[in-house]
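Trainee: Submitted below is the structure of interest, expressed as structure tokens.
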Amino acid sequence: MTTPDRTPTTWHLTPEQRRIVLGRQLAELRAWADRAHVELTGWHFTFPGDAPVPLRVGQPWPRVDGAVEGGPVVFETSFVVPAGYERPELDLDVGGEGLVRLSTGDAGGLNPHHRRFPVAARPGETVTVRIEAVPKGLFGAHNPEPRLRVARLAQPEPDVAALAMDLGVLLDVVQGLEGQVVAAHLLTAAEDALAGLTWPSDAAAYAGRPGAGVGADMGSLWSTPQPGEALPLSRDVLQGVKQAREKLTARLKQLLAAFPPQGALALSGHAHLDLAWLWPFAETRRKGARTFETVLNLMDRYPDMTFNQSSAQLYAWIEQDHPELFARIAERVREGRWEPVGGMWVEPDAAMTGGESMSRQLLYGQRYFQEKFGRRSTVAWLPDTFGFTGQLPQLLRQGGITGFFTTKLSWNETTAFPHDVWWWEGIDGSRVLGHMFKNDIYGAEALGSYNGDISAEHLLRVTGHDRAAAAPGWRGRAPETLFTYGLGDGAGGPSAPMLERYERLREYPGMPRLRHARVDGFYDALPTTGLPVWVGELYFQLHRGTLSSQGRTKRLHRQLEARLVEADVALALARWAGQDDSAARAELETHWKTHLLHEFHDVLPGSSIREVYAEAEPTLRAALDGATAIRDAALGGSGDAVTVVNPSLFPRPLTAVLPGTGTWRAGNTPLPAQAVEGGTLVVAPGITVPPLGHVVLTAGTAGSPEPTETATLDETPEGLWLGNASLRVLITPDGQLARLVTAAGRDALGPQGHRLVAFRDLPRAWEAWDINPDTQDAALGEDLPGGTVTVLERGPLRVAVQVIRSWRSSTVTQTIRVTAGSPRVDIHTHAEWHERRTLIKAFVDVNARSDFATVETAYGAVRRPTHRNQASDAATFEGSAHRFADLSEPGFGLALLNDGRYGHAAYGSELSVTLLRGPIYPDAHADLGEHEFTYALLPHAGEWTRDVVREATDLNSPLVVAGSAAPTPPVRLEGLPVALGTLKAAEDGSGVILRVYEPHGARGEVTLYAPAGVTVTRVTLIEDDLPEAIPSTPAGGDTHWTLTVRPFEVISVRLSGLEVGRPR
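Per full-length UniProt numbering, the sequence shown starts with residue 1, numbered consecutively.
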């Protein structure tokens, strides 16, 4: 089709000028989109706890302060539907976000993008309106002077509104397809359709339409004319409107044949709702109700619409707060149009979340979806998470999930992620099918990225970036990409205008073909052969500061993660001893879900407002105390003896701080002891506490014997030497840790030793989220000065030196400890932190050379480059490490351990860990105050696989001192060293689940021994039985099962028949 001839009146205009002229006509149409309206009066305003007060439209709220903390304010009125009002709509603006409920049963969320509400009432019927509102915007911005701005009942003019939508869509497409032949044809089609349209011209008609395109033209005058009565359009004009629509529709059909759709998108409505971010958790519960009411009403009006929503926690809140709303959601789920996605309790951070925590995200998320909706999710839904551990594919597959969705990797600032459809292969070899789309439009509030708009700009931007079409294996059908639409982050979700545009754009000349789809159905149809494969972690080249912001929350997260597993182990052991653990299990599940909630991808990363952490820190401490009480009660007993329990699968030498100041013995053997802060330290390297086992100690009557292994402190001119049989460390007179020498005489540190370095911390954007690349290089920072040195402990079992540094407004106190029998140096740190936009790192100059460092991640480890050869190497200047980062060469290395810090760097021969930050947005008080944590230096012979995981476990989950009644486990493991994930009661009560993982990247066999009569079955993370049989062999009174283990494999087995302390 050739370029159309222009009409005689437009031949001289450019396409852009023609579009502007049509835009003026569109503004007039919109001004007449309502036939009439009446203002609603008789409002009453109720502040929580106060009596209602009258309020008129235009007046400010009588009271604002405390309107969120005490709960929403309430607006109420009643009105009678006037004669002639058929299918009227409420038009509201109360000055904040709210939930609208009508006595007709209609409801929906109120925000600047959702202001119109259909009213299912006939003329003469009385309708009551109730609005619960907060003086906040979608993104939490406070409105200090809210007022009831708009409250009216409108009678739409359906044909005019429809023509305005037709023309608006056309002009949007013309702008998106600028320069293409089809755009000129579309302009002509619109001009021809509107050419015969007769429009009112009398002054009274215009005076009554102070809307867009009419009153807007007069709003900037010296004096603005007062609006008159809104007169309806005549029957002849309305007939002309219908004819214009018919003519335009016919012409678009012709153009569609000549310019068929280009590309294809599968649409799913979406309302990305951050469970906390720029608002607290309590507001999220209200946001969820507002959004879901909106979505359900849209589903009633638009039967083709589909919608997806993740996060079992959000559904659980709705079920608790609004059971009738939850029932309607469940009905739509049964219908298949509402799709619970993700399979997790929340959309968690996926870089810092530990292996067992991620397993519980899947376990509790999938169980909730199965229980409440009768189905599980098959697609991991993490559009906004800041990077992904390489162990995630295996965990997802074991959680019943085969697909993975994100858009966040499209934000990479250095190298573009190369795929839209790909196989993601984890560190164990498991694969999930990945998909991503790129929608790099972020201008409008709550729109962009995964928060798409059904507009030409968004649709064309996604198809323009789409690389999925180039993937092979589409099996004879047209390639397409997923596209999620709806206002998000602060929720809100899809809107009626979006769906009206969808109805017009689903088959439109030159535009991508649109269809509504289920997410799981879209993944089922994706190609699976010939796809590229991405192996290992999905490192996110942005937002590296989230690994360090809000350090107290991060350490509480780490502590709680370890304590919950310890409590699981204690309850399982008590269960085998015949204790009733049902009440404790229920309480522990509550603590687990508290932990999982705070792993949300804006809470654990430290990128939320102050109110979130003011609530999170005491909540996490309470959960930590609760889990500790459950653990201790399960292991407790009475009497003078104590039991030292090993909650891991590594045999560990006896080292523990016991209560009191007396002496202790193991059996008849007295133990060497040293009085320390908090009790009595006993160290007996010759006594091993077995995996999941214990050693019973009783109070001694004789004095403490001389230890066979000691810790020493020597004062020399060069400083203080702390040492034991494994190492010696030099603390200079000004408090610098300058040297670390192994028993073999190897200097573990390079000439720079260990030092604390401060950096100016002002990233170019997203302050709590990002850090600058210069923080990887100590030479670009400022060394903290030396401090005062005090000897705290002189042995014989532990020596300790305290170094106090005062710097600017802050104080950092470090206690450097060496314990007899230990291969590491612990650096316990207490900081009084009062700096803003400042970052502190600990640097360790390692006397070894390697082009990579090894860091622990969830249930495994990955390598990261120590060089900056390529842009992608340089972009990994700070990454997540869980309990250790290690730099090794053949025969020697050093690991940097920690008990609650995640941001690490490896550059040349230096390892570093970020200790403290001071961002001021979105929390101006972030990280101010006290911090306490420990990191440690662990030199080692050979590879990191020898001792590092065991020592990292010991630092984060030390031996537990309990009462005298700890039970003995009836199972044991031998063979390839594996680490404990958990030992827990099965969710359905059918035995105990033992989960282990291979932590080193090794292959081999593990033999599990248990009493005869026990049944061992392999299960998934969500405790479904697997069909594969485990070879077993009787051996005396026991049976042993042989498990073949591949590198980094996670293995879960169900042990049945051990209940109440004996085989059934």
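The beta carbon of each residue, even a glycine, is placed where N, CA and C say it ideally should be.
Rounded to whole angstroms, what's the CA-CA distance from residue 154 to residue 268? Just pull it up for me.
Mentor: Sequence index remark: in the sequence shown, residue 154 carries index 154 (1-based). Sequence index remark: in the sequence shown, residue 268 carries index 268 (1-based). For residue 154 and residue 268, the distance between alpha carbons rounds to 30 Å.
Trainee: Within 8 Å, do at least three Cβ pairs link the region 338-349 to the region 377-395?
Mentor: Judged by Cβ distances under 8 Å, the region 377-395 makes contact with the region 338-349, as three or more pairs qualify.
Trainee: When you compare the CB positions of residue 337 and residue 306, do they come within less than 8 Å of one another, or not?
Mentor: On the sequence shown, position 337 is the one that residue 337 refers to. On the sequence shown, position 306 is the one that residue 306 refers to. Going by C-beta atoms, residue 337 is nearer than 8 Å to residue 306.
Trainee: Where does residue 938 sit, in a helix, a strand or coil, going by DSSP?
Mentor: Position 938 of the sequence shown, counting from 1, holds the residue named residue 938. It is a strand residue.
Trainee: Helix or strand or just coil, what does DSSP make of residue 869?
Mentor: Here residue 869 corresponds to residue number 869 of the sequence shown, with the count starting at 1. Residue state, collapsed to three classes: coil.
Trainee: Give the DSSP-derived three-state secondary structure of residue 978 in the structure shown.
Mentor: Counted from its first residue, the sequence shown places residue 978 at position 978. Residue state, collapsed to three classes: coil.
Trainee: For residue 933, which beta-bridge partners are listed by DSSP?
Mentor: If you number the sequence shown from 1, residue 933 lands on position 933. Paired residues: 829.
Trainee: Check whether the Cβ atoms of residue 776 and residue 753 sit closer than 8 Å, and answer yes or no.
Mentor: To locate residue 776, count along the sequence shown from 1; it is residue 776. To locate residue 753, count along the sequence shown from 1; it is residue 753. It is not a contact, given that the beta carbons lie outside the stated cut-off.
Trainee: What residues in its chain sit with their C-beta under 6 Å from that of residue 6, if we drop five residues either side in the sequence?
Mentor: Taking the first residue of the sequence shown as 1, we reach residue 6 at position 6. For residue 6, the pLDDT reaches just 49, beneath the cut-off of 50, and the residue's location in the model is therefore unreliable, leaving the point undetermined.
Trainee: Please report how far the alpha carbon of residue 836 lies from the alpha carbon of residue 918, in whole angstroms.
Mentor: For this step, residue 836 is matched to residue 836 along the sequence shown. For this step, residue 918 is matched to residue 918 along the sequence shown. Their backbone Cα atoms lie some 4 Å apart in a straight line.
Trainee: Using the C-alpha atoms, what's the distance from residue 523 back to residue 656?
Mentor: Translated into the one-based positions of the sequence shown, residue 656 becomes position 656. Translated into the one-based positions of the sequence shown, residue 523 becomes position 523. Cα-Cα distance, rounded: 52 Å.
Trainee: Within 10 angstroms of the Cβ of residue 841, are there 16 or more other Cβ atoms? Answer buried if so, exposed if not.
Mentor: For the purposes of this step, residue 841 is taken as residue 841 along the sequence shown, with counting starting at 1. When all chains shown are included, residue 841 counts as buried.
Trainee: Going by beta-carbon coordinates alone, are residue 651 and residue 683 separated by less than 8 Å?
Mentor: Sequence index remark: in the sequence shown, residue 651 carries index 651 (1-based). Sequence index remark: in the sequence shown, residue 683 carries index 683 (1-based). For residue 651 and residue 683, no; Cβs fall outside 8 Å.
Trainee: Please list, in chain order, all residues of the same chain as residue 1044 whose beta carbon is under 6 Å from its beta carbon, the five residues on each side excluded.
Mentor: On the sequence shown, position 1044 is the one that residue 1044 refers to. Excluding residues within five positions, the ones whose Cβ falls inside 6 Å are 1005.
Trainee: What residue range is occupied by the uninterrupted beta strand (DSSP E) comprising residue 359?
Mentor: Within the sequence shown, numbered from 1, the residue matching residue 359 stands at position 359. Not the beta strand (DSSP E): residue 359 falls in the alpha helix (DSSP H), residues 355-373.
Trainee: Whole angstroms are fine: how far does the CA of residue 304 sit from the CA of residue 647?
Mentor: Within the sequence shown, the letter at position 647 stands for residue 647. Within the sequence shown, the letter at position 304 stands for residue 304. The straight-line gap from Cα to Cα measures roughly 54 Å.
Trainee: By a C-beta neighbour count over all protein chains shown, 10 Å radius and 16 as the cutoff for buried, is residue 294 buried or exposed?
Mentor: In the sequence shown, counting from the first residue as 1, residue 294 sits at position 294. The residue in question, residue 294, is buried, as its Cβ has 16 or more Cβ neighbours within 10 Å.
Trainee: Does residue 780 pass the burial test, meaning 16 or more other C-beta atoms within 10 Å, or should it be called exposed?
Mentor: The residue given as residue 780 occupies position 780 in the sequence shown. Per the 10 Å Cβ criterion, exposed.
Trainee: Looking only at its chain, what residues have a beta carbon closer than 8 Å to the beta carbon of residue 330, apart from the 5 residues adjacent to it on each side?
Mentor: The residue given as residue 330 occupies position 330 in the sequence shown. Correct list, in chain order: 372, 373.
Trainee: What three-state label does DSSP hand residue 595 in the structure shown?
Mentor: Here residue 595 refers to the residue found at position 595 of the sequence shown. In this structure, residue 595 counts as helix in the three-state DSSP scheme.
Trainee: Would you mind stating whether residue 491 and residue 271 have Cβ atoms separated by less than 8 Å?
Mentor: By one-based count along the sequence shown, residue 491 stands at place 491. By one-based count along the sequence shown, residue 271 stands at place 271. In this structure, residue 271 lies closer than 8 Å to residue 491 by Cβ.
Trainee: Taking the C-alpha atoms as reference points, what is the distance between residue 363 and residue 437?
Mentor: Locating residue 363 in the sequence shown gives position 363, counting from the first residue. Locating residue 437 in the sequence shown gives position 437, counting from the first residue. Looking at the two C-alpha atoms, the distance is approximately 28 Å.
Trainee: Taking 7 Å as the limit between beta carbons, can you name the residues of its chain near residue 402, skipping five residues before and five after?
Mentor: The residue given as residue 402 occupies position 402 in the sequence shown. 378, 432, 433, listed in sequence order.
Trainee: For the structure I just gave you, are there three or more beta carbon pairs, one from the region 874-894 and one from the region 925-940, closer than 8 Å?
Mentor: Contact holds: three or more Cβ-Cβ distances are below 8 Å.
Trainee: Mapping DSSP to helix, strand and coil, what is residue 309?
Mentor: Along the sequence shown, read from residue 1 onward, the residue named residue 309 stands at position 309. In the structure shown, residue 309 sits in a strand (DSSP, three-state: E or B).
Trainee: With a cut-off of 8 Å on the beta carbons, I'd call residue 1065 and residue 548 a contact; round off their distance for me.
Mentor: The displayed coordinates of the chain run from 1 to 1064. Any statement about residue 1065 would go beyond what the structure contains.
Trainee: Apart from the five residues on each side of it in sequence, which residues of its chain come closer than 6 Å, Cβ to Cβ, to residue 415?
Mentor: Within the sequence shown, numbered from 1, the residue matching residue 415 stands at position 415. Same-chain partners within the cutoff: 871, 872.
Trainee: Rounded to a whole number of angstroms, what is the C-alpha to C-alpha distance between residue 592 and residue 405?
Mentor: To locate residue 592, count along the sequence shown from 1; it is residue 592. To locate residue 405, count along the sequence shown from 1; it is residue 405. Distance between the alpha carbons of residue 592 and residue 405: 25 Å.
Trainee: Going by alpha carbons, who is nearest to residue 57 out of 528, 94, 966, 424?
Mentor: As a first step, residue 57 is located in the sequence shown; it is residue number 57 there, counting from the start. The option with the nearest alpha carbon to residue 57 is 94.
Trainee: For the beta strand (DSSP E) holding residue 1096, just list the boundary residues, first then last.
Mentor: Here the chain comprises residues numbered 1 to 1064, so residue 1096 is not present and cannot be evaluated.
Trainee: Could you tell me whether any non-hydrogen atom of the ligand FAD is closer than 7 Å to the CB of residue 684?
Mentor: With respect to the ligand FAD, the structure shown offers nothing to examine, as it has no ligands at all.
Trainee: Sort 418, 514, 489, 509 by Cα distance to residue 500 and report the nearest one.
Mentor: In the sequence shown, the residue the question calls residue 500 occupies position 500. Out of 418, 514, 489, 509, 514 has the C-alpha closest to the C-alpha of residue 500.
Trainee: Could you give the first and the last residue of the continuous alpha helix (DSSP H) run that contains residue 953?
Mentor: Counting from one through the sequence shown, the residue named residue 953 turns up at place 953. Taken as a continuous stretch (DSSP letters only), the alpha helix (DSSP H) holding residue 953 covers 948-956.
Trainee: Taking residue 766 as the reference, which of 608, 410, 740 has the closest Cα?
Mentor: For the purposes of this step, residue 766 is identified with residue 766 of the sequence shown, where counting begins at 1. That would be 608, whose Cα lies nearest to the Cα of residue 766.
Trainee: Who are the Cβ neighbours of residue 10 in its own chain at under 7 Å, not counting the five residues just before and after it?
Mentor: Within the sequence shown, the letter at position 10 stands for residue 10. Contacts found: 18, 191.
Trainee: Closer than 8 Å by C-beta to residue 212: which residues in its own chain qualify, once you throw out the five before and the five after it? Chain order, please.
Mentor: Taking the first residue of the sequence shown as position 1, residue 212 is located at position 212. Its pLDDT being 48, under 50, residue 212 is placed unreliably in this model, and the value from its coordinates should be taken loosely. 27, 30, 31.
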